[in-house]
Amino acid sequence: MTVRVLCLHGWRTNPSFMEKQMKNLMAKLPGWDFSFLPGPVCGMLAADDDVEQESLAPYFQWWEPLDGTAGQLEAVRYVAQHLRQEGPFDVLLGFSEGAACAALLLATIMGAGKASPGAEMQKELEDVPRPQLFVSVCGIPPDDEATGCCFARPRPKVVKAVEVPSVHLLGDLDADKTNSLTLAKEWFNVDDSQILRHPHGHRFPLDCRPLADAMRQAVQAVRQDVGRASLGGC
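Below, the structure written as structure tokens:
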């Protein structure tokens, strides 16, 4: 059975750039179906010169920092509608701000994460087909107090971890490394020993084999659990 992966790009990039970022990873997972969703906020400014050189405008992001929680919840609705129309997807993969958006979506569906107006949306999202695995690459927490890579303000405490199987990868030289650890440990209750690392910065790894292996094993485990549940726990 084909594994379907929905990919959410980073801040002020686009699906074309993310596809290039993920070229090595996709090569390690032949037969998997990867699709890329652009963020709802569109503009002509790229995240940096590398993005501008590798992909043409427009560029996208998932919310405007000044919009706070309201902007984030609109992004959740936007991705949720895509899941309704094009799902189900087995895996929801996000890079940087895309991982923040993906995490907030899953937290909202499950009534987890921090105390916020997002909890009121849980019933609204009951019909959304939930991906069974979350993959974060250099992800950041979905907090309105720290919306995006350049904002570092106090965060509210996570009141309930998101109970969705997840794979987390961070870069040892990434300026957002601490944020990635927060996302993994506080939002998804992942032990430090389970977090994958690569020796670079805010990017996908050059060697994607460990990430591909972890994703493959996680999908297999999820499908085995689903199979056992369908047999009444046998």
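Just so we're aligned, residue 350 is where the sequence shown starts under this note's numbering, counting upward by one.
Glycine is no exception: its CB is placed at the ideal position from the N, C-alpha and C atoms.
Just so you know, these numbers come straight off a predicted model, no measurement behind them.
Per DSSP, the bridge partner or partners of residue i
| i | result |
| --- | --- |
| Thr362 | Phe409 |
| Phe444 | Val486 |
| Leu518 | Val486, Leu545 |
| Gly462 | Lys509 |
Whole-angstrom distance between residue j and residue i, CA atom to CA atom
| i | j | result |
| --- | --- | --- |
| His549 | His517 | 15 Å |
| Val539 | Tyr408 | 32 Å |
| Asp562 | Pro490 | 24 Å |
| Asp416 | Gly576 | 42 Å |
| Gln430 | Val477 | 8 Å |
| Met367 | Phe385 | 8 Å |
| Arg565 | Leu394 | 35 Å |
| Phe537 | Leu455 | 10 Å |
| Arg552 | Leu560 | 13 Å |
N-terminal and C-terminal residue of the alpha helix (DSSP H) that residue i is part of
| i | result |
| --- | --- |
| Ser404 | Unbroken run through Ser404: none, as it is neither H nor E. |
| Val354 | Note, Val354: premise wrong, no alpha helix (DSSP H); beta strand (DSSP E) at 353-357. |
| Ser529 | 526-531 |
| Gly420 | 417-435 |
| Leu378 | Per DSSP, Leu378 belongs to no alpha helix (DSSP H) and is neither H nor E. |
Own chain, CB closer than 7 Å to residue i, minus 5 neighbours either side, in chain order
| i | result |
| --- | --- |
| Glu413 | Val390, Gly420 |
Distance cut-off 7 Å: residue i Cβ against heavy atoms of the ligand ZN
| i | result |
| --- | --- |
| Ala406 | Of ligands this structure carries none, so the ligand ZN is not represented either. |
DSSP-derived helix/strand/coil call for residue i
| i | result |
| --- | --- |
| Arg552 | coil |
| Val477 | coil |
| Cys557 | coil |
Own chain, CB closer than 6 Å to residue i, minus 5 neighbours either side, in chain order
| i | result |
| --- | --- |
| Asn373 | Cys557 |
| Tyr427 | Pro389 |
Boundaries of the beta strand (DSSP E) in which residue i is found, first to last residue
| i | result |
| --- | --- |
| Lys509 | 507-509 |
| Ser384 | 382-386 |
| Val539 | No beta strand (DSSP E) contains Val539, which DSSP labels as neither H nor E. |
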